[in-house]
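Visitor: Residue numbers (the numbering used here), protein chains in the order written: chain A, 194 to 396; chain B, 194 to 396; chain C, 194 to 396; chain D, 194 to 396. No residue lacks a Cβ here, since even glycine has one placed at the ideal position from N, Cα and C. Bear in mind that the values here come from a model prediction, so they are computed numbers and not experimental data.
4 protein chains.
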Amino acid sequence: MDPISKVNLERITNGIYAFTMTLMVRNITTPVAGSITTDTSFVLYLVSVILEIIDFAGAFLILGMFWLFYFQMFHRMKTFDFRFIYLHLLSLMIVVFVPFTQSFASMSDEVPASNILFQVNYLALSLVLVWQWHHARTHIELLEPALEETEASFLAKKFLVPLGVAVLGVAFIWAGIGYIDILYLAPFVVLGLFFRSGPVKAG
Amino acid sequence: MDPISKVNLERITNGIYAFTMTLMVRNITTPVAGSITTDTSFVLYLVSVILEIIDFAGAFLILGMFWLFYFQMFHRMKTFDFRFIYLHLLSLMIVVFVPFTQSFASMSDEVPASNILFQVNYLALSLVLVWQWHHARTHIELLEPALEETEASFLAKKFLVPLGVAVLGVAFIWAGIGYIDILYLAPFVVLGLFFRSGPVKAG
Amino acid sequence: MDPISKVNLERITNGIYAFTMTLMVRNITTPVAGSITTDTSFVLYLVSVILEIIDFAGAFLILGMFWLFYFQMFHRMKTFDFRFIYLHLLSLMIVVFVPFTQSFASMSDEVPASNILFQVNYLALSLVLVWQWHHARTHIELLEPALEETEASFLAKKFLVPLGVAVLGVAFIWAGIGYIDILYLAPFVVLGLFFRSGPVKAG
Amino acid sequence: MDPISKVNLERITNGIYAFTMTLMVRNITTPVAGSITTDTSFVLYLVSVILEIIDFAGAFLILGMFWLFYFQMFHRMKTFDFRFIYLHLLSLMIVVFVPFTQSFASMSDEVPASNILFQVNYLALSLVLVWQWHHARTHIELLEPALEETEASFLAKKFLVPLGVAVLGVAFIWAGIGYIDILYLAPFVVLGLFFRSGPVKAG
Chain A
194 MDPISKVNLE
204 RITNGIYAFT
214 MTLMVRNITT
224 PVAGSITTDT
234 SFVLYLVSVI
244 LEIIDFAGAF
254 LILGMFWLFY
264 FQMFHRMKTF
274 DFRFIYLHLL
284 SLMIVVFVPF
294 TQSFASMSDE
304 VPASNILFQV
314 NYLALSLVLV
324 WQWHHARTHI
334 ELLEPALEET
344 EASFLAKKFL
354 VPLGVAVLGV
364 AFIWAGIGYI
374 DILYLAPFVV
384 LGLFFRSGPV
394 KAG
Chain B
194 MDPISKVNLE
204 RITNGIYAFT
214 MTLMVRNITT
224 PVAGSITTDT
234 SFVLYLVSVI
244 LEIIDFAGAF
254 LILGMFWLFY
264 FQMFHRMKTF
274 DFRFIYLHLL
284 SLMIVVFVPF
294 TQSFASMSDE
304 VPASNILFQV
314 NYLALSLVLV
324 WQWHHARTHI
334 ELLEPALEET
344 EASFLAKKFL
354 VPLGVAVLGV
364 AFIWAGIGYI
374 DILYLAPFVV
384 LGLFFRSGPV
394 KAG
Chain C
194 MDPISKVNLE
204 RITNGIYAFT
214 MTLMVRNITT
224 PVAGSITTDT
234 SFVLYLVSVI
244 LEIIDFAGAF
254 LILGMFWLFY
264 FQMFHRMKTF
274 DFRFIYLHLL
284 SLMIVVFVPF
294 TQSFASMSDE
304 VPASNILFQV
314 NYLALSLVLV
324 WQWHHARTHI
334 ELLEPALEET
344 EASFLAKKFL
354 VPLGVAVLGV
364 AFIWAGIGYI
374 DILYLAPFVV
384 LGLFFRSGPV
394 KAG
Chain D
194 MDPISKVNLE
204 RITNGIYAFT
214 MTLMVRNITT
224 PVAGSITTDT
234 SFVLYLVSVI
244 LEIIDFAGAF
254 LILGMFWLFY
264 FQMFHRMKTF
274 DFRFIYLHLL
284 SLMIVVFVPF
294 TQSFASMSDE
304 VPASNILFQV
314 NYLALSLVLV
324 WQWHHARTHI
334 ELLEPALEET
344 EASFLAKKFL
354 VPLGVAVLGV
364 AFIWAGIGYI
374 DILYLAPFVV
384 LGLFFRSGPV
394 KAG
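#1: Tell me the start and end of each unbroken alpha helix (DSSP H) in the stretch 240-289 of chain A that is at least 4 residues and wholly inside, in chain order.
#2: To which residues does DSSP link C/L237 through a beta bridge?
#3: Using only CA atoms, which one of D/L348, D/F290, D/L356, D/K271 lies nearest to D/L454?
#4: Going by C-alpha to C-alpha distance, which of B/Y315, B/A298, B/D274 sits closest to B/M286?
#5: Just how far apart, CA to CA, sit D/L160 and A/S299?
#6: I need the boundaries of the alpha helix (DSSP H) containing B/G208, first residue and last residue.
#7: Given that B/N201 touches chain A, what residues does it touch there, using C-beta distances under 7 Å?
#8: What residues from the stretch 211-222 of chain C come within 7 Å of chain B, judged by C-beta to C-beta, listed N to C?
#9: Taking buried to mean at least 16 other C-beta atoms within 10 Å of its own C-beta, is C/K351 buried or exposed?
#10: Look up D/L336 in the DSSP assignment and give the residues it is bridged to.
#11: Give the interface partners of C/A298 over in chain B, defined as CB-CB distance under 8 Å, in chain order.
#12: In terms of residues, what are the limits of the alpha helix (DSSP H) holding C/P161?
#13: With the cut-off set at 7 Å, would you say D/L185 and D/F253 are in Cβ contact?
#14: Can you confirm whether B/A306, when its beta carbon is compared against all beta carbons of chain A, has any partner nearer than 7 Å?
#15: Going by C-alpha to C-alpha distance, which of A/V363, A/D232, A/V225 sits closest to B/E303?
#16: At which residues does the alpha helix (DSSP H) containing A/I309 begin and terminate?
#17: Starting from the C-beta of D/N207, find all residues in its chain whose C-beta is less than 7 Å away, skip the five residues before and the five after it, and write them out in chain order.
#18: Taking Cβ to Cβ, would you say D/G257 is nearer than 7 Å to A/L282?
#19: Can at least three beta-carbon pairs, one atom from the stretch 339-355 of chain C and one from the stretch 318-331 of chain C, be found at a separation below 8 Å?
#20: Are there 16 or more other CB atoms within 10 angstroms of the CB of B/A359, so buried, or fewer, so exposed?
#21: If you drop the 5 nearest sequence neighbours on each side, which residues of the same chain put their C-beta closer than 7 Å to that of D/F262?
#22: Name, please, each residue of chain E whose Cβ falls closer than 7 Å to the Cβ of A/A250.
#23: Consider the Cβ of A/F273: report whether some Cβ of chain D lies at a distance smaller than 7 Å.
#24: Give a yes or no on whether 7 Å exceeds the smallest Cβ distance from D/T343 to chain A.
#25: Just the Cα atoms here: how many angstroms apart are C/T222 and C/F249?
#26: Can the beta-carbon of A/N220 be found less than 7 Å from the beta-carbon of A/S296?
#27: From which residue to which residue does the alpha helix (DSSP H) around C/P380 run?
#28: Out of C/T213, C/V242, C/A211, which one is the CA nearest neighbour of C/V225?
#29: Quick one: measure Cβ to Cβ for D/T213 and C/T215, integer angstroms, because I've assumed they're closer than 8 Å.
#30: Going by the beta-carbon positions, is the gap between C/A345 and C/R330 smaller than 7 Å?
#31: Using beta carbons (cut-off 7 Å, strictly below), is C/E303 in contact with chain B?
#32: Do you know whose CA, among C/V382, C/L378, C/P292, lies nearest C/L310's CA?
#33: Work out the CA separation of A/V313 and A/I366 for me, nearest whole Å.
#34: Could you compute how far the alpha carbon of D/V393 sits from the alpha carbon of D/L340?
#35: Quick one: is C/F267 buried, meaning 16 or more other Cβ sit within 10 Å of its Cβ, or exposed?
#36: Exposed or buried, what is C/A211 when buried is set at 16 or more other beta-carbons lying within 10 Å of its beta-carbon?
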């Protein structure tokens, strides 16, 4: 008998991603009560939060990407073992940290060190993703019998994209190039260019 | 093999709508601690938030309407492609913004510009809804085989209602008529009058 | 074709109840930062919130009761029509108000009028529950074909219990007896005594 | 007819665990606005919250453990009776308290009494878990017919582990040894060592 049914791991994953993605909008600074009394003060407020709004949208897309990755993974699996479930709980814990580490993004200009939190968070997420799929592929009894090797290895390459970007980000900082927010959206470009159509034959 | 199973896109959609609709109740200003000590001060507080309560109810109904629209759409689809999923993630991101943009509704009297946020949010939601159904209808392999053209086009017309209202709202503001909250509830009247019984034969 | 599939209304209902029940714990006043430095101050704090904790537990149980009622209702239904879905969205909106109205419970001693909010909220929930089941029973095509009339009428009586309690609460206040928190838990006693074993034969 | 369908109790359980696990991240103190202006002040802030982060991770894992326990239990059950559902609602109420009681963990050094809250919370969770499985095993009609006695008793022993740890914690405090946060993670070690491979034959 499986440790738990597959559907319940899918459900708690959906719940935690949905809640985390919704909660992040709270990181956008709301105006101090009574500070907005004219159109001018409203526009000034908007200008001051525009970067936070962009940061939120970026983090939302990143979480959406990992959510998609996980469900593409689950979709190719028949069942889970305990090791996989423990890894996944770890991965969910890292996801839950995102609204916390993302809340420091707006201070990245004056306080460069504050970026390290989101950086580490993103790296950890990418690592566990690759680890989980590696675990699944080396335990063939967890996989959908219909899954072809071409497709399994195609997914493995896809899951390496965010990890590559995270490592690149760390290298940039060490090389003194500084932190580039936009880098974290690079996976979308890479995925759009090279991983669009799926492996030949396994579509 | 589908990118992800249909049920999981439905689940995260339900999760995000459920949290967003629940979270919005937090936009109602709670009394400052210690400020309410008598029945009179309580009644004064209630009067001061009555408009916020109505605004909340309106936004809840609007989200409920989009939620219903999306599940009427999903119900007529067999599967999703990546393009549809990306559009839907965009749509969910716009939904998550609602508690943020809606929080400015209460200051609309003194700060007319503050309305633009909710206005843009509503317009964006309406646009993506129409876009998604257009995408589905032009990719016949995504649709339920049993779906008749009459019903598909009936849905398309229905989904145009909020977009029409959003455009009307922008026109009103440009024409200097000002912002009319109540306008956003107009779809319910239109839908109740003209879209009640479904297309003939496909009911 | 049904407006939406039954499972999705169940999902959003579960999501909204789960979130509302979880969010309410935030109504318990947390200590002011730095105010607790000794065991004595901690105990004093605990004493000051003990009533809020009990109020929270009561409201949690009440929501749990309505959640159970709704899933007992859904379990006996085959499909939903638009009218039923609109009523249910209304009911969910009323549920979402509970953390708001419940937050005034702790001030009920000094500000008797503050109780009216939770009172009205509870009454509205009870009314819509009865209304929805009445709608379902008068539209036989919505019900499970296997459902016997004895069971349908047994449920109808059960759903009247919270409404009866709500009316009693209003009567108490008009009669000047005042507000009795505990009254809202009365349904559990009534249900435990008279509705334990289900209708004879329909178990 | 069952009181409610099994899937809906699973759904609300997933929902409440997901929100509770996500909400807890809010217990980590965020910096006062404007207090972080240099890398040094950021590092000082990080040092001051490192214990809160560890506490959060511990509580997340503990909730993850109970979540896993419950779904291992549900997985072996065919249906639920009202008594089981009431016990489970009680258990969910205790779960919802965790973000509240956990928020006092960071003050445990100066205010030893503050630990009692989380201690009681953990003990209550453990007790209801054992109680629910006891109820299921003594009502054979609730269990999966395929469930073997070896596996049922293996689960019963597993569910005793957190209860044993909770009792040990209380004993430690009475013996004046003081509160040891780390103790609450002991179940993972015990489970890893003795409950890894499942009962012989029923694995």
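Guide: Quick look at the numbers:
#1: List check, alpha helix (DSSP H) in window: nothing returned.
#2: Per DSSP, none; premise fails for C/L237.
#3: The structure shown has nothing for residue 454 of chain D, since chain D only spans 194 to 396.
#4: With respect to the C-alpha of B/M286, the residue from B/Y315, B/A298, B/D274 having the closest C-alpha is B/Y315.
#5: Look at the range of chain D in this structure, 194 to 396, and you will see that residue 160 of chain D is not part of it.
#6: Boundaries of the alpha helix (DSSP H) harbouring B/G208: 199-216, taken from the DSSP string.
#7: Within 7 Å Cβ-Cβ: E203, N207, F264.
#8: Of all residues in the stretch 211-222 of chain C, F212, T213, L216 have a Cβ within less than 7 Å of some Cβ in chain B.
#9: Buried.
#10: Beta-bridge partners assigned by DSSP to D/L336: D/M270.
#11: None at all; the shortest Cβ gap to chain B is about 13 Å.
#12: Missing from the structure shown is residue 161 of chain C; chain C here goes from 194 to 396 and no further.
#13: An answer regarding residue 185 of chain D cannot be provided, because it is not within the stretch 194 to 396 covered by chain D.
#14: For B/A306, the answer is yes, since a Cβ of chain A falls inside 7 Å of its Cβ.
#15: Considering only alpha carbons, the answer is A/D232.
#16: Unbroken alpha helix (DSSP H) run through A/I309: 308-330.
#17: Excluding sequence neighbours, D/N207 sits near nothing in its chain.
#18: The answer is yes: Cβ separation under 7 Å.
#19: The answer is yes - the stretch 318-331 of chain C touches the stretch 339-355 of chain C, with three or more Cβ pairs under 8 Å.
#20: Around the beta carbon of B/A359, 16 or more other beta carbons sit within 10 angstroms, so the residue counts as buried.
#21: Cβ neighbours of D/F262 beyond the five flanking positions: L322, F352.
#22: Any reference to chain E falls outside this structure, whose protein chains are A, B, C and D.
#23: No, because no Cβ of chain D sits closer than 7 Å to the Cβ of A/F273.
#24: The beta carbon of D/T343 does not come within 7 Å of any beta carbon belonging to chain A, so the residue lies off that interface.
#25: Going from the Cα of C/T222 to the Cα of C/F249 covers about 11 Å.
#26: Taking 7 Å as the cut-off, the beta carbon of A/N220 is found closer than this to the beta carbon of A/S296.
#27: That run of the alpha helix (DSSP H) goes 379-387.
#28: Residue C/V242 is the option with its Cα nearest to C/V225.
#29: Going by Cβ atoms, the distance from D/T213 to C/T215 rounds to 6 Å, so yes, they are a contact pair.
#30: For C/A345 and C/R330, yes; Cβs fall inside 7 Å.
#31: With 7 Å as the cut-off, C/E303 counts as an interface residue toward chain B.
#32: The shortest Cα separation from C/L310 among C/V382, C/L378, C/P292 belongs to C/P292.
#33: About 12 Å.
#34: Residue confidence for D/V393 is low, a pLDDT of 47 falling below 50, so the modelled location carries little weight and cannot support an answer.
#35: Answer is buried; the Cβ neighbour count reaches 16.
#36: So C/A211 ends up on the buried side.
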